[in-house]
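Each residue of the sequence shown is one higher than the last, beginning at 1 in UniProt numbering. In what follows, a structure is listed as structure tokens, so that the remarks can point back to it.
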Amino acid sequence: MSAARDRHTASKLSSGKVLVTGGANSAVLNTVELYDPSAGIWTTTNPMTSARKIHTATILTNGSVLISAGDTGSGFSNTAELYDPISSTWTPTGSMNAVRGAHIAVKLANEKVLVSGGDGGGGFLSTADLYDPIANTWTAVSPMNSMRCSHMASILSNGSVFVAGGNDGSYLASAEIYNPTANTWTNTASMSYARQLATISVLSNGKILVAGGDNGSSLNVAELYDPSTNTWTVTGSMNYARIGHAATVLSNEYVLVTGGCTANSIAEIYDVSTETWTVTGSMMAIRQYHTISQLTNGTVLVAGGIDSTSTDLNSAELY
Numbered sequence: 001m002s003a004a005r006d007r008h009t010a011s012k013l014s015s016g017k018v019l020v021t022g023g024a025n026s027a028v029l030n031t032v033e034l035y036d037p038s039a040g041i042w043t044t045t046n047p048m049t050s051a052r053k054i055h056t057a058t059i060l061t062n063g064s065v066l067i068s069a070g071d072t073g074s075g076f077s078n079t080a081e082l083y084d085p086i087s088s089t090w091t092p093t094g095s096m097n098a099v100r101g102a103h104i105a106v107k108l109a110n111e112k113v114l115v116s117g118g119d120g121g122g123g124f125l126s127t128a129d130l131y132d133p134i135a136n137t138w139t140a141v142s143p144m145n146s147m148r149c150s151h152m153a154s155i156l157s158n159g160s161v162f163v164a165g166g167n168d169g170s171y172l173a174s175a176e177i178y179n180p181t182a183n184t185w186t187n188t189a190s191m192s193y194a195r196q197l198a199t200i201s202v203l204s205n206g207k208i209l210v211a212g213g214d215n216g217s218s219l220n221v222a223e224l225y226d227p228s229t230n231t232w233t234v235t236g237s238m239n240y241a242r243i244g245h246a247a248t249v250l251s252n253e254y255v256l257v258t259g260g261c262t263a264n265s266i267a268e269i270y271d272v273s274t275e276t277w278t279v280t281g282s283m284m285a286i287r288q289y290h291t292i293s294q295l296t297n298g299t300v301l302v303a304g305g306i307d308s309t310s311t312d313l314n315s316a317e318l319y
């Protein structure tokens, strides 16, 4: 990449290209780059209107990318903006009702985007906002039952949003589900291990895999949530404890996890059928707080992050 960065976002566009936004090195960045898998090259595109790290990126149905909130370097933001991949332009949207960073964003079945929790600068948040891409507006919705920062979230097959873990001043094991139709949050079964900054992966069998993270030290433990029974089951542990790692579900239903402290450059694969982890070699660079993107041809792009000396990386590699 043209700029070293960590805590950025990476989004695979409908064209197959990967859009990388923001993050930080010695300063918080507004710069944006595109990776073209067919040519194997990075090109810069128009910068965001605001510098951001620990922000979110959500791909909308029309192909646009919604960037929301984050840390600008001078404080947390409540602004959002849309990237149009056709014109390569950025357009500000309305602002959220609260400034936040280290939050989550999930696109709902009705095309709206739910943003919840995060760090508000003066404390952790339970508040949630809903973005309507048709009206281009943000609306406050019911808050979560718990304040959460650096939590994990995914969309369930029934259209509800599942949220787990995070930090409210203490590490959280609790989880809850948002019903978009009723605009309600319902507490659900808690994880066996409190954690923040874990990876979350939705499997084809409907179960949700949560792996690694932090509860005062890096974790190697993983567990599965079954929405049909509202139960958590501890599954095989990773070979290495990890925080600041990344994960993606491969086309063969294995889950690839890369980097993070204390694994550094080592990657491993989770076999859904046997519930076991196998080391699958090492990346060319030690990486934490990097991004992972599965490309159209099934290969995986890993980009940026920081190494074991806290040096930001501009390198990228393919698995």
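Don't be surprised by glycine CBs; every beta carbon is placed ideally from N, CA and C. Note that the coordinates shown come from a computational prediction; the quantities given were computed from them, not determined experimentally.
Starting from the C-beta of residue i, find all residues in its chain whose C-beta is less than 7 Å away, skip the five residues before and the five after it, and write them out in chain order.
{"i": "S157", "result": "G206"}
{"i": "D312", "result": "A4, R5, D6, N25, I306"}
{"i": "H103", "result": "T56, A69, V115, S116, G117, G118"}
{"i": "D214", "result": "R195, Q196, L197, I243"}
{"i": "T72", "result": "V28, S50, A51, R52"}
Tell me the residue span of the beta strand (DSSP E) that contains residue i.
{"i": "L313", "result": "L313 -> no beta strand (DSSP E), and no H or E assigned at all."}
{"i": "A303", "result": "300-303"}
{"i": "L34", "result": "32-36"}
{"i": "V255", "result": "254-258"}
{"i": "residue 320", "result": "Residue numbering for the chain in the displayed model covers 1 to 319; residue 320 lies beyond these limits and cannot be assessed."}
{"i": "I200", "result": "199-202"}
{"i": "I269", "result": "266-271"}
{"i": "V20", "result": "18-21"}
{"i": "V28", "result": "Taken as a continuous stretch (DSSP letters only), V28 belongs to no beta strand (DSSP E), as it is neither H nor E."}
{"i": "T65", "result": "One detail in the question is off: residue 65 reads as Val in this sequence, not Thr. First-last of the beta strand (DSSP E) with V65: 65-71."}
{"i": "D226", "result": "222-226"}
{"i": "I208", "result": "208-211"}
{"i": "A57", "result": "56-59"}
{"i": "Q294", "result": "291-294"}
{"i": "S11", "result": "9-12"}
Work out the CA separation of residue j and residue i for me, nearest whole Å.
{"i": "I306", "j": "H151", "result": "21 Å"}
{"i": "T6", "j": "N314", "result": "The amino acid occupying residue 6 in the given sequence is Asp; Thr does not appear at that position. Whole-angstrom Cα-Cα distance: 9 Å."}
{"i": "S265", "j": "T181", "result": "43 Å"}
{"i": "G259", "j": "M283", "result": "8 Å"}
{"i": "N78", "j": "K12", "result": "24 Å"}
{"i": "L130", "j": "G70", "result": "16 Å"}
{"i": "G122", "j": "W185", "result": "24 Å"}
{"i": "P227", "j": "A247", "result": "21 Å"}
{"i": "N25", "j": "N187", "result": "38 Å"}
{"i": "T291", "j": "V302", "result": "6 Å"}
{"i": "D271", "j": "E253", "result": "8 Å"}
{"i": "P133", "j": "E111", "result": "7 Å"}
{"i": "S95", "j": "S190", "result": "33 Å"}
{"i": "L197", "j": "A285", "result": "21 Å"}
{"i": "I86", "j": "T309", "result": "39 Å"}
{"i": "H14", "j": "L29", "result": "Rather than His, the amino acid found at residue 14 in this sequence is Ser. Distance between the alpha carbons of S14 and L29: 25 Å."}
{"i": "A135", "j": "M48", "result": "21 Å"}
{"i": "T274", "j": "I208", "result": "15 Å"}
{"i": "T137", "j": "T93", "result": "7 Å"}
{"i": "A316", "j": "T199", "result": "20 Å"}
{"i": "L250", "j": "A211", "result": "16 Å"}
{"i": "F124", "j": "C149", "result": "6 Å"}
{"i": "M147", "j": "Q288", "result": "26 Å"}
{"i": "V106", "j": "V113", "result": "6 Å"}
{"i": "T231", "j": "G40", "result": "43 Å"}
{"i": "G216", "j": "G101", "result": "20 Å"}
{"i": "I155", "j": "T235", "result": "21 Å"}
Which same chain residues, not among the five before or five after residue i, have their C-beta less than 8 Å away from its C-beta?
{"i": "S237", "result": "N220, V221, A222, W277"}
{"i": "N183", "result": "V141, S142"}
{"i": "S2", "result": "T31, E33, W42, T44, N314"}
{"i": "S38", "result": "G16"}
{"i": "A80", "result": "L66, I67, S68, A69, P92, T93, G94, S95, M96, Y131, W138"}
Residues in its own chain within less than 6 Å of residue i by CB, not counting five upstream and five downstream?
{"i": "T233", "result": "L224"}
{"i": "T127", "result": "A98, P143"}
{"i": "S88", "result": "T45, N46"}
{"i": "N239", "result": "E268, W277, V279"}
{"i": "I177", "result": "S160, F162, T186, T188"}
{"i": "Y193", "result": "V221"}
{"i": "L172", "result": "G165, G166, A194"}
{"i": "T296", "result": "G16"}
{"i": "S201", "result": "L209, A247, V249, V255"}
{"i": "residue 342", "result": "Residue 342 falls outside the range modelled here, since the chain spans only 1 to 319, and no answer is possible."}
{"i": "A241", "result": "S218, L219, N220, T262"}
query = Which runs of the beta strand (DSSP E) spanning at least 3 residues fall entirely within the stretch 82-124, listed in chain order?
reply = 89-92, 104-107, 113-116
ask   = Hey, which unbroken runs of the beta strand (DSSP E) at 3 residues or more fall wholly within the stretch 127-183?
value = Complete beta strand (DSSP E) runs here, min 3: 128-132, 137-141, 152-155, 161-164, 175-179.
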